[in-house]
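Numbering-wise (full-length UniProt numbering), the sequence shown opens with residue 1 and increments by one.
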Amino acid sequence: MDDSFQFIIESPQNTQGHKKRPRLVTSCDNCRLKKIKCLQPTPEGKCEACRAAKIQCRFRDRERYFAERSRSIAGPGASSSEQRSTFFDAADGFPVASTSSSPALSSYSIPRSVSHSPKANGVVGADDNGSVRYSPYAPDPRRSVEYSHRHSSSMSYNSSARQSPLSYQSMSPSPSNSPMMYHSRSQSNPNSRQVPLFDSTSPLHPSYSLMTEFILLFFNNLHQEYSFVAYDDVYRDYNQRRMSPPLANCIAAFAVRFSTNPDLTVRGLHNVAETYASNAKTAVNAVSHIPSVDTLHALMLMAWYEYKANRINSFRDYAQLSTRMSTQLGYATASSGHEGERRTQTMKALYHLQLVASQYH
């Protein structure tokens, strides 16, 4: 009788010690359903199959996967939803900053303004429990270029054609410009801990877990407006821990206004956005003398951020810096292939930026 039955108790979760590698969905819903190759002549245009079928080219599977990834990092109780709303809507409670300061061509000031937050909308983001940390951002050797002008400094920078040369631990903001300047503990539960806005090992980088939410919100709500920022590049650099601090902070500053994350709304979404914008200015100031595509895109985003905040002098300065860096990168010459399409999108956005800036001279 003792040999008749044998019970074996196992813990299935112990065998799952590794995490699945995030998958990059590059095909639209229609092509994935038909299991055919998704061919897109341009990153922002319809694929050939959807154009032939005269239907909308959507990427709901990609958005759903990104939202599920946000919830899995946030843990139980987190939820996600999509919200299409007008950016910087005054009716939603976003006031124009009462004070402004325009950055000089070599240095940038940090504007400070206190306001109530707009209505919360968007996707609940991830809770940074401190276990996830950035690894150093290494420059991409495949896209490295030499820049003739070198500044003598105690820091050493590695230039790249797309990546910002600023690496981890290269610099930290001064105490007076501390990114964690906004706290609203009186409005939050005293027993709840606040999610840090920035990575503890590299204060110039936004929290890695929050960036999952910010990337999703940015491309869901603002990709048509700022089409020169490519989703594929940002998502790849995010997974490889290669996002440049200026561009990452700019994306966070724009995207946070669509967030419904209670850890962010309790601080005031406008205040959090201004904090990320200030950090972006600090980061871009450190690498403004070394041209890169990421830094150029960050300068363009900062120009539009200042424009929407009605800080016109600052807007003109960033627009001028964008034009200067585009010339240093050789954007006056045409290019072909996939990179040529990206360059064309950037050149169109630069032309529009210069056109708007010329109206305020």
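All C-beta atoms in this analysis are idealised placements derived from N, C-alpha and C, irrespective of residue type, glycine included.
Is the beta carbon of H289 closer than 9 Å to that of T346?
Within the sequence shown, residue 346 is the residue found at index 346, counting from 1. Within the sequence shown, residue 289 is the residue found at index 289, counting from 1. Not in contact: T346 and H289 (Cβ atoms no closer than 9 Å).
Check whether the region 293–308 and the region 317–324 are in contact - that is, three or more C-beta pairs closer than 8 Å.
yes
For E48, which residues of its own chain have a beta-carbon under 7 Å away from its beta-carbon, when the five flanking residues on both sides are left out?
Along the sequence shown, one-based indexing puts residue 48 at 48. Only L39 meet the Cβ criterion.
With respect to the alpha helix (DSSP H) encompassing M300, which residues constitute its N-terminal and C-terminal limits?
Sequence index remark: in the sequence shown, residue 300 carries index 300 (1-based). First-last of the alpha helix (DSSP H) with M300: V293 to K308.
Around the Cβ of E225, are there at least 16 other Cβ atoms within 10 angstroms (buried) or fewer (exposed)?
In the sequence shown, residue 225 corresponds to position 225, counting from 1. Its Cβ having fewer than 16 others within 10 Å, E225 is exposed.
Those residues which DSSP pairs with P41 across a bridge
Taking the sequence shown and counting its residues from 1, the one referred to as residue 41 is at position 41. In the DSSP output, where bridge partners are listed per residue, P41 has none listed.
Below 8 Å on the Cβ atoms is my guess for residue 362 versus M325; work out the distance and round it to an integer in Å.
For residue 362 there is no data in the structure shown, the boundaries of the chain being 1 and 361.
Three-pair Cβ contact test at 8 Å for the region 265–272 versus the region 210–218:
no
Bridge-paired residues (DSSP) for P206
Numbered from its first residue, the sequence shown carries residue 206 at position 206. DSSP lists F198 as partners of P206.
If you draw a straight line from the alpha carbon of L299 to that of Q194, how long is it in whole angstroms?
Taking the sequence shown and counting its residues from 1, the one referred to as residue 299 is at position 299. Taking the sequence shown and counting its residues from 1, the one referred to as residue 194 is at position 194. Each residue's Cα considered, the two are about 30 Å apart.
May I have the straight-line CA-CA distance separating K348 from I312, to the nearest angstrom?
Taking the sequence shown and counting its residues from 1, one reaches residue 348 at position 348. Taking the sequence shown and counting its residues from 1, one reaches residue 312 at position 312. Distance between the alpha carbons of K348 and I312 is about 21 Å.
Measuring straight from C-alpha to C-alpha, what distance separates N261 and F5?
Within the sequence shown, numbered from 1, the residue matching residue 261 stands at position 261. Within the sequence shown, numbered from 1, the residue matching residue 5 stands at position 5. Distance between the alpha carbons of N261 and F5: 52 Å.
Rounding to the nearest angstrom, what Cα-Cα distance links residue 380 and R242 in this structure?
As displayed, the chain neither begins before 1 nor continues past 361, which places residue 380 out of reach and without an answer.
Neighbour-count burial assignment, N279, 16 or more Cβ in a 10 Å radius:
As a working note, residue 279 is residue 279 in the sequence shown. Answer is buried; the Cβ neighbour count reaches 16.
Taking the alpha helix (DSSP H) that residue 402 falls in, what are its first and last residues?
No answer is possible for residue 402: the residues shown for the chain start at 1 and end at 361.
If you reduce the DSSP assignment to three classes, tell me which class M211 lands in.
Along the sequence shown, read from residue 1 onward, the residue named residue 211 stands at position 211. Looking at M211 - three-state DSSP - the assignment turns out to be helix.
With distance defined between alpha-carbon atoms, name the residue in D29, G45 and N239 nearest to F228.
By one-based count along the sequence shown, residue 228 stands at place 228. For the residues D29, G45 and N239, the minimum Cα distance to F228 belongs to G45.
Can you tell me the Cα-Cα spacing of K54 and M211, whole angstroms?
As a working mapping, residue 54 is identified with position 54 in the sequence shown. As a working mapping, residue 211 is identified with position 211 in the sequence shown. In a straight line, the C-alpha of K54 is about 35 Å away from that of M211.
Do T26 and D232 have their CB atoms nearer than 9 Å?
Locating residue 26 in the sequence shown gives position 26, counting from the first residue. Locating residue 232 in the sequence shown gives position 232, counting from the first residue. Yes, Cβ-Cβ distance for T26 and D232 is below 9 Å.
In its own chain, which residues sit with a C-beta less than 8 Å from the C-beta of R58, not counting the 5 before and 5 after it?
Working through the sequence shown from its first residue, we reach residue 58 at position 58. These residues qualify, in order along the chain: C28, D29 and N30.
State the Cα-Cα distance for the pair C250 and R51, rounded to the nearest angstrom.
The sequence position of residue 250 within the sequence shown is 250, counting from 1. The sequence position of residue 51 within the sequence shown is 51, counting from 1. Each residue's alpha carbon lies about 33 Å from the other.
For E341, does the three-state DSSP call read helix, strand or coil?
In the sequence shown, the residue the question calls residue 341 occupies position 341. If DSSP states are grouped into helix, strand and coil, E341 belongs with the helices.
CB-CB length for Y331 against R342, believed under 8 Å:
Along the sequence shown, one-based indexing puts residue 331 at 331. Along the sequence shown, one-based indexing puts residue 342 at 342. Rounded, the Cβ-Cβ distance is 11 Å, inconsistent with contact.
According to DSSP, is M325 helix, strand or coil?
Numbered from 1 along the sequence shown, position 325 holds the residue referred to as residue 325. In this structure, M325 counts as helix in the three-state DSSP scheme.
Within 10 Å of its beta-carbon, does R150 have 16 or more other beta-carbons around it, so buried, or fewer, so exposed?
Within the sequence shown, the letter at position 150 stands for residue 150. Its pLDDT being 34, under 50, R150 is placed unreliably in this model, and the value from its coordinates should be taken loosely. By the 10 Å Cβ count, R150 comes out exposed.
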